[in-house]
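Numbering follows our numbering, with no gaps: position 82 of the sequence shown is 87.
Glycine included, each C-beta is placed from N, C-alpha and C at the ideal position.
As structure tokens, the structure follows; a few thoughts come after it.
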Amino acid sequence: MTLATCAKDVRFYKWPNISYFGEYETPADCMGVKSISWSSNSKELVVVKSKGCPVILNVPAKADQYVESTECNYIAYASVATFSNTNPDLVAFGTEDGCLLVYDTKRAGRPQDCIKLPSPVQNVEFSSDDQCFVTGCSSGQIFLFDCNRKPCASFLVSKSPTLSALAYSKVTPHLLAAASKDGVLSVWNTDTTDNLLSNRKHTARITDIAFYQSSLTSIGIDGKFVNYDLRCCKPACSYDLECSLSSLAYLEGSNELAISTMSGQLRSYDIRNMETPLRTLVALSNGGFKKISFPFNDDGYCPSSKRFGDGDCSVASGSSPGRSNLSRLASDNDTVPQEIEAAKRPDKEDVGKFVEEEMKIATRDFEEKLLQRFYALRINSSKQFIGLEEKISSSWNAFVDYLRVSGQATNRPSYVGVGVQKSRNTLEHDATH
Numbered sequence: 006m007t008l009a010t011c012a013k014d015v016r017f018y019k020w021p022n023i024s025y026f027g028e029y030e031t032p033a034d035c036m037g038v039k040s041i042s043w044s045s046n047s048k049e050l051v052v053v054k055s056k057g058c059p060v061i062l063n064v065p066a067k068a069d070q071y072v073e074s075t076e077c078n079y080i081a082y083a084s085v086a087t088f089s090n091t092n093p094d095l096v097a098f099g100t101e102d103g104c105l106l107v108y109d110t111k112r113a114g115r116p117q118d119c120i121k122l123p124s125p126v127q128n129v130e131f132s133s134d135d136q137c138f139v140t141g142c143s144s145g146q147i148f149l150f151d152c153n154r155k156p157c158a159s160f161l162v163s164k165s166p167t168l169s170a171l172a173y174s175k176v177t178p179h180l181l182a183a184a185s186k187d188g189v190l191s192v193w194n195t196d197t198t199d200n201l202l203s204n205r206k207h208t209a210r211i212t213d214i215a216f217y218q219s220s221l222t223s224i225g226i227d228g229k230f231v232n233y234d235l236r237c238c239k240p241a242c243s244y245d246l247e248c249s250l251s252s253l254a255y256l257e258g259s260n261e262l263a264i265s266t267m268s269g270q271l272r273s274y275d276i277r278n279m280e281t282p283l284r285t286l287v288a289l290s291n292g293g294f295k296k297i298s299f300p301f302n303d304d305g306y307c308p309s310s311k312r313f314g315d316g317d318c319s320v321a322s323g324s325s326p327g328r329s330n331l332s333r334l335a336s337d338n339d340t341v342p343q344e345i346e347a348a349k350r351p352d353k354e355d356v357g358k359f360v361e362e363e364m365k366i367a368t369r370d371f372e373e374k375l376l377q378r379f380y381a382l383r384i385n386s387s388k389q390f391i392g393l394e395e396k397i398s399s400s401w402n403a404f405v406d407y408l409r410v411s412g413q414a415t416n417r418p419s420y421v422g423v424g425v426q427k428s429r430n431t432l433e434h435d436a437t438h
């Protein structure tokens, strides 16, 4: 299986031995990759960069094979992109100016759908059967769209005005999960809009969430790994992995999962024993991973209307926002976002808490970058000093050798002079006698 990872560039690793497989390098002026998503046939990967147009990569079949890329020059200012779960040519893009654009990559002249949202789009997810999809905005709002691409409901993470992660189950069509920067996790049934689970097991931002069979997993910068049993909608286990975690991905058909850290590690775990990793690779020496992802293998699987298998997770109807009769946004003058926002505007305390958390995150990120820059300068200065020391030592040794050779030449006796003096003394001696 191939694991796709993104940080400054996109790298591919063979799993489970975690061996480097190939790489797509972003331009020098690109700060990093915002999002990656596999196509349903596992042959392509859509990549959204911090600068420039998104690209679609042909995933290499062999190690060190050239990674072919195709620019999506029909879309600008993209912030996120995701492939459809059933159509390998259908891609949804979210933009920084709050637009949702759905394209057929084979006929990319104009989008199939264009929807205007109230704030920048940071998450887009299709349901397992592509009958619905959701978008997550930077304002914390989550919008649900039906099969006709019409908004029909909206959600907010419980007691939090923020959104840090969003996941639509690829096995259960109506199961949606979202997490916040405050460490809160919420799960809904999008068919009834019932809130199935709201829990806060993290003390800081949740960085990623993932569904697997009848469970849901969350990880965060606090280093916690929390697994929820969706049959009873309760936490099943929690582990402290002792480092800030950035992303996770389950390997379909096995008990193995991959976890990336903010220090650049790739770890392999067995879900039955999370105490110690099976394998660890320090893949990045500077910075951490943004996102990791396996292609989804649905061989032999048919989506079912049954939600969780055994167990009943239903709760009283009306515990979460019901479906709204929202009209489609045909122009910028439509007021659908205003209706939703007015019903769910956070209070001053929540806004203050959000601002405080954002300041903490920004300060921590600035300190990390400053430390990285300091250590880079320190290492560079050390290398330059060592090189200068070697040059000085070489020059000094050459100078000492020169003095030694010059001194030997000065102190060497002149045999010609000695012979002349000896002859002169002999003549004087003969003359006196």
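Inset, instruction - Buried or exposed for I448, please, with buried defined as at least 16 other CB atoms from any protein chain shown within 10 angstroms of its CB. - result: It is not possible to answer for residue 448, since the shown part of the chain is limited to 6 through 438.
Legend entry - Exposure label - D102; buried when at least 16 CB within 10 Å: Your numbering for residue 102 matches position 97 in the sequence shown. Under this definition D102 is an exposed residue.
Inset, instruction - Output the boundary residues of the beta strand (DSSP E) element that contains S273. - result: Taking the first residue of the sequence shown as 1, we reach residue 273 at position 268. Counting along the chain, the beta strand (DSSP E) containing S273 begins and ends at Q270 to D275.
Legend entry - Buried or exposed (CB count within 10 angstroms, at least 16 for buried), V126: Reading the sequence shown from its first residue, position 121 is the one you call residue 126. V126 comes out buried.
Inset, instruction - On the DSSP bridge assignment, give the partners of N63 in chain order. - result: As a first step, residue 63 is located in the sequence shown; it is residue number 58 there, counting from the start. Paired residue(s): E49 and E73.
Legend entry - V107 versus L95: straight-line alpha-carbon distance, rounded: For the purposes of this step, residue 107 is identified with residue 102 of the sequence shown, where counting begins at 1. For the purposes of this step, residue 95 is identified with residue 90 of the sequence shown, where counting begins at 1. Straight-line Cα distance between these residues: approximately 7 Å.
Legend entry - With 16 other Cβ atoms within 10 Å as the buried cut-off, status of N393: Here residue 393 refers to the residue found at position 388 of the sequence shown. A small correction: the amino acid at residue 393 is Leu; Asn does not occupy that position in the sequence shown. The residue is exposed, with fewer than 16 neighbouring Cβ atoms inside 10 Å.
Inset, instruction - Taking all protein chains shown into account, decide if E49 is buried (16 or more other Cβ within 10 angstroms of its Cβ) or exposed. - result: Residue 49 sits at position 44 when you count from the first residue of the sequence shown. So E49 ends up on the buried side.
Inset, instruction - Mark F131 as exposed unless 16 or more other C-beta atoms lie within 10 angstroms of its C-beta, in which case mark it buried. - result: Here residue 131 corresponds to residue number 126 of the sequence shown, with the count starting at 1. By the 10 Å Cβ count, F131 comes out buried.
Legend entry - S42 and T87 closer than 8 Å at C-beta: As a first step, residue 42 must be located in the sequence shown, where it is residue number 37. As a first step, residue 87 must be located in the sequence shown, where it is residue number 82. Contact: yes.
Legend entry - Classification of T208 by the beta-carbon crowding that lies within 10 angstroms, buried from 16 upward: Locating residue 208 in the sequence shown gives position 203, counting from the first residue. Burial call: exposed.
Inset, instruction - Return the CA-CA distance between C237 and I23, expressed in angstroms with no decimal places. - result: On the sequence shown, position 232 is the one that residue 237 refers to. On the sequence shown, position 18 is the one that residue 23 refers to. So the alpha carbons of these two residues sit roughly 34 Å apart.
Inset, instruction - Quick one: grab the DSSP three-state call for Q389. - result: Stepping through the sequence shown from its first residue, residue 389 is reached at position 384. Q389 falls in the helix class under three-state DSSP.
Legend entry - CB of Y173 within 8 Å of CB of L181, strictly: Counting from 1 along the sequence shown, the entry for residue 173 is found at position 168. Counting from 1 along the sequence shown, the entry for residue 181 is found at position 176. Yes, Cβ-Cβ distance for Y173 and L181 is below 8 Å.
Legend entry - Where the beta strand (DSSP E) through I147 begins and ends: Numbered from its first residue, the sequence shown carries residue 147 at position 142. Taken as a continuous stretch (DSSP letters only), the beta strand (DSSP E) holding I147 covers I147 to F150.
Legend entry - Touch test, the region 283-294 against the region 13-21, Cβ-Cβ under 8 Å, three pairs minimum: yes
Inset, instruction - Determine the DSSP secondary structure at T7, reduced to helix, strand or coil. - result: As a working mapping, residue 7 is identified with position 2 in the sequence shown. DSSP places T7 in strand when its eight states are reduced to three.
Inset, instruction - Assign S252 to one of three DSSP states: helix, strand, or coil. - result: Within the sequence shown, numbered from 1, the residue matching residue 252 stands at position 247. Strand at S252.
Inset, instruction - Determine contact between the region 135-142 and the region 109-118, defined as no fewer than three beta-carbon pairs at a distance below 8 Å. - result: no
Inset, instruction - Just mark N368 as buried or exposed, buried being the case when its beta carbon has 16 or more other beta carbons within 10 Å. - result: As a first step, residue 368 must be located in the sequence shown, where it is residue number 363. Strictly speaking, residue 368 in this sequence is Thr, with Asn absent from that position. Counting Cβ neighbours within 10 Å, T368 comes out exposed, since fewer than 16 surround it.
Legend entry - Simplified DSSP assignment, three categories, for N278: Walking along the sequence shown from the start, residue 278 turns up at place 273. In the structure shown, N278 sits in a strand (DSSP, three-state: E or B).
Inset, instruction - Give me the Cβ distance between A170 and A158, rounded to the nearest whole Å; I'm assuming they're in contact under 8 Å. - result: Here residue 170 corresponds to residue number 165 of the sequence shown, with the count starting at 1. Here residue 158 corresponds to residue number 153 of the sequence shown, with the count starting at 1. So it is not a contact: roughly 19 Å between Cβ atoms.
Legend entry - Which residues DSSP lists as bridging D2, in chain order: The displayed coordinates of the chain run from 6 to 438. Any statement about residue 2 would go beyond what the structure contains.
Legend entry - W43: first and last residue of the uninterrupted beta strand (DSSP E) it sits in: Walking along the sequence shown from the start, residue 43 turns up at place 38. Run containing W43: V38 to W43, per the beta strand (DSSP E) assignment.
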